[in-house]
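Written out below as C-alpha cells is the structure these notes cover.
Below you can see the structure in the form of C-alpha cells.
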C-alpha cells in the first residue's frame, strides 16, 4: 500500500513539474518563433531533470 502511494506521488509530482515547463515553452515559442530551438533545448533539459528526480523517487520507493 505504501509503495503504491509513493509511486503515485512520484508520478503526480513529475506531471506537475513537466506541465508548466511545456506551457512556458509553448508561450515562449509563440512570442519568439525564431528562438524555438533554444527554447526547446532548455525545456527538454529541465523536463529531463524533473523526470530524473521522479525516477529517483521511484527507485527509492522500490528499495524501501
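Residue numbers (our numbering): 47 to 110.
Cβ atoms here follow ideal geometry from the backbone N, Cα and C, with glycine treated the same way.
C-beta contact flag for residue i and residue j at 8 Å
i: residue 50; j: residue 100; result: no
i: residue 97; j: residue 64; result: yes
i: residue 71; j: residue 85; result: yes
i: residue 94; j: residue 67; result: no
For residue i, the three-state DSSP class (helix, strand or coil)
i: residue 47; result: coil
i: residue 55; result: helix
i: residue 78; result: coil
i: residue 110; result: coil
Neighbourhood of residue i by C-beta, 7 Å cutoff - its chain only, sequence neighbours within 5 removed
i: residue 130; result: Any answer about residue 130 is impossible in this case: the structure gives the chain only from 47 up to 110.
Sequence-distant residues of its chain with Cβ nearer than 8 Å to residue i (five each side left out)
i: residue 81; result: 74, 75
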